[in-house]
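Residue numbers (full-length UniProt numbering): 1 to 79.
Okay, structure coming up:
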């Protein structure tokens, strides 16, 4: 089984541990909210973790895209 290990893939994978941790927190918060949907603390906690998860994923995506754009620009300059 071959696993790609390119430069941009490495940048994206650097975020994997944080994504796994936030995903676990999100699942736990969702379970708490499901048990008691009228609890404002559970809802606020779920929303906070969801926001943090989205920000982290956006940072991952932006980091990879920025490096891709830089690399594309460098390659274009060689033409």
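Where a beta carbon is used, it is the ideal one built from N, C-alpha and C, also for glycine. All values derive from a computational prediction rather than experimental measurement.
Q) Which residue comes first and which comes last in the alpha helix (DSSP H) that contains residue 58? A) Counting from one through the chain shown, the residue named residue 58 turns up at place 58. Unbroken alpha helix (DSSP H) run through residue 58: 40–77.
What is the DSSP secondary structure of residue 36, reduced to helix, strand or coil? On the chain shown, residue 36 is found 36 positions in, with the first residue counted as 1. The answer is coil: DSSP assigns residue 36 none of H, G, I, E or B.
Hey, residue 8 and residue 67 are a contact pair by Cβ (cut 8 angstroms); roughly how many whole angstroms apart? Within the chain shown, the letter at position 8 stands for residue 8. Within the chain shown, the letter at position 67 stands for residue 67. Correct: roughly 6 angstroms between the Cβ atoms.
request  = Under 8 angstroms by Cβ, that's how I've got residue 46 and residue 30 pegged, so tell me the actual separation to the nearest angstrom.
outcome  = Within the chain shown, the letter at position 46 stands for residue 46. Within the chain shown, the letter at position 30 stands for residue 30. The pair is a contact, with the Cβ atoms about 6 angstroms apart (cut-off 8 angstroms).
**Q.** Anticipated Cβ contact below 8 angstroms, residue 53 with residue 22, distance rounded
**A.** Walking along the chain shown from the start, residue 53 turns up at place 53. Walking along the chain shown from the start, residue 22 turns up at place 22. Between residue 22 and residue 53 the Cβ distance is about 4 angstroms, and since that is below 8 angstroms, they are a contact.
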